[in-house]
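Reviewing the structure listed below.
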Amino acid sequence: MAEEHRTTSEFDARTAPTAADQVPVLANGQMWRVTVSALWSAVSSAWGRSLALAADAAAGRSLLGLGTAATTAASDYATAAQGARADTALQPGGLATVATTGAYGDLTGLPTLGTAALASVDAFDPAGSAAGAVSAHATTFNHTTLPTADQAAALAGANAPDAGNVFATMADIGASGGGTVTSVSITGADGIQVASGSPVTTSGTIALGLDTAALATHLGLGTAATTAASDYATAAQGARADSALQPGGLATVATTGAYGDLIGRPTLGTAAGAAVADFATAAQGGRADSAIQPGGNAALALIDYTLARFAVTAANVATAHTVALSDGEYQALTLTADIALTLPDPPAGRGYSITLRLIQDATGGRTPTLQQADATVAKWVGGAAPTWQTAAGAGDLVAVTHDGADLIAAHIGSVS
Numbered sequence: 070m071a072e073e074h075r076t077t078s079e080f081d082a083r084t085a086p087t088a089a090d091q092v093p094v095l096a097n098g099q100m101w102r103v104t105v106s107a108l109w110s111a112v113s114s115a116w117g118r119s120l121a122l123a124a125d126a127a128a129g130r131s132l133l134g135l136g137t138a139a140t141t142a143a144s145d146y147a148t149a150a151q152g153a154r155a156d157t158a159l160q161p162g163g164l165a166t167v168a169t170t171g172a173y174g175d176l177t178g179l180p181t182l183g184t185a186a187l188a189s190v191d192a193f194d195p196a197g198s199a200a201g202a203v204s205a206h207a208t209t210f211n212h213t214t215l216p217t218a219d220q221a222a223a224l225a226g227a228n229a230p231d232a233g234n235v236f237a238t239m240a241d242i243g244a245s246g247g248g249t250v251t252s253v254s255i256t257g258a259d260g261i262q263v264a265s266g267s268p269v270t271t272s273g274t275i276a277l278g279l280d281t282a283a284l285a286t287h288l289g290l291g292t293a294a295t296t297a298a299s300d301y302a303t304a305a306q307g308a309r310a311d312s313a314l315q316p317g318g319l320a321t322v323a324t325t326g327a328y329g330d331l332i333g334r335p336t337l338g339t340a341a342g343a344a345v346a347d348f349a350t351a352a353q354g355g356r357a358d359s360a361i362q363p364g365g366n367a368a369l370a371l372i373d374y375t376l377a378r379f380a381v382t383a384a385n386v387a388t389a390h391t392v393a394l395s396d397g398e399y400q401a402l403t404l405t406a407d408i409a410l411t412l413p414d415p416p417a418g419r420g421y422s423i424t425l426r427l428i429q430d431a432t433g434g435r436t437p438t439l440q441q442a443d444a445t446v447a448k449w450v451g452g453a454a455p456t457w458q459t460a461a462g463a464g465d466l467v468a469v470t471h472d473g474a475d476l477i478a479a480h481i482g483s484v485s
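At position 19 of the sequence shown the residue is numbered 88 (the working numbering), and the sequence of numbers has no breaks.
And the structure:
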């Protein structure tokens, strides 16, 4: 009898198959008939459920105990080299304050500087004379042995009674056929293992399971596969670890904060630790510049002082005249009338002496009176004013002293 070959599409569709309906199944290179009931028993077994879970990627990962890192790329994590650098990276707590502020005042061990810190003592005269680090990173994962999206979708529908065609390869079959299965055995590999029931020689159930450790090895999973992505540094964090400042890139002062570890420190003079009060002021220095210096200039300065002090001042005076001490300590005054000579009061606590030569003019007969600024008449040594020379051109020499209270006069003698 000739075989009639038809394609699957040529068969009538059965929208509600029953448990007794038969479907073709391809096994060991041969086509077999199996009832929907028997097929359902197979796909609902532990073996079938395991395959279904493996076909569902999320369920499969959960079955394997994988963490969220299992579905991420290795490039999402820091490398081992970056982790090593992160381990040795300097943390903020290891830095001295000055490393982040750069402020001189944040240095430790600063010298105690005076206000004359940058000067040398030789320039003055003495006054009066220093997060946890990443320790691991993700390995790569090989997911090439997981079911494809189409396979996962097909396996996901295998639990339905009408989905027998998931495990059956439909083929053109003849109008008749038959055969006998004498023994069915199943072996597992790459994480799929036979739990019980193999081989089946007449009837029975073969139970399959998963060896998660073997399957993980088959998939090439590392220990990071069962950990969460949040356990690792991100690629961005790894990049920052690469550029992080390592201890060898810091100046010594960054971790010690010591003034002595600075380079390019200012060269301080011996006056650096002294106070301004230890030295003469600029004004005092100016006076020192103009002061009489030892040596030949001393005699000249003394002579200048003496000559100025005893400069001879001559003047014609009449009626009233106030003697100016700035005109010198010896003054020759020609009297042109009877006159009151007023001598100024000295500063408080001070006094002075001056010598006056009182000369009669061509007329003669002039009588002088000596008095203080308040018109108090001078006190004469001997108790009374002298008898004045009255001849034309004649004169008297008088020494006058003011002790701050009284004006005291002494007639030295007559001078013709």
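The C-beta atom is built at its ideal place from N, Cα and C for all residues, glycine as well.
When the Cα atoms are used, A417 and D475 turn out to be separated by approximately 13 Å. The beta strand (DSSP E) runs lying completely inside the region 439 to 479 and spanning 3 residues or more are 464 to 471, given in chain order.
Here Q306 is near A147, since their CB atoms are less than 9 Å apart. Between the alpha carbons of A384 and P437 lies a gap of roughly 15 Å. Distance between T470 and P455, taken at the CA atoms: about 16 Å. Residue burial annotation: A172 is exposed, with fewer than 16 other C-beta atoms found within 10 angstroms of its C-beta.
A contact is defined here as three or more CB-CB pairs under 8 Å, and the region 341 to 359 meets this definition with respect to the region 172 to 187. The continuous stretches of beta strand (DSSP E) do not include S144, and DSSP gives it neither H nor E. Judged by their CB atoms, T166 and G326 are nearer to each other than the 9 Å cut-off. Per DSSP, reduced to three states, the secondary structure at Y328 is helical. Close CB contacts of S485 within its chain, under the 7 Å cut and outside five residues either way in sequence, are with A463 (chain order). Y301 sits away from T177, with the two beta carbons spaced by 9 Å or more. Take the alpha-carbon of A139 and the one of T286: they are about 14 Å apart.
Around K448, the same chain offers D475, L476, I477, A478 as residues with beta carbons nearer than 8 Å, after the five sequence neighbours per side are excluded. Beta-bridge annotation (DSSP): H390 is paired with L410.
If the five residues before and after S265 are omitted, its C-beta is found closer than 7 Å to the C-beta atoms of A276, all from its own chain and listed in chain order. For L439, same chain residues with a beta-carbon under 6 Å away, outside a window of 5 residues either side, are L410, A447, A478 in chain order. Residue pairing from DSSP places V103 in a beta bridge opposite V92. In the three-state reduction of the DSSP assignment, P437 falls in the strand class, which pools E and B. In terms of Cβ geometry, P413 and V392 form a close pair [threshold 9 Å]. Counting of Cβ neighbours within 10 angstroms places R419 among the exposed residues, the total staying below 16.
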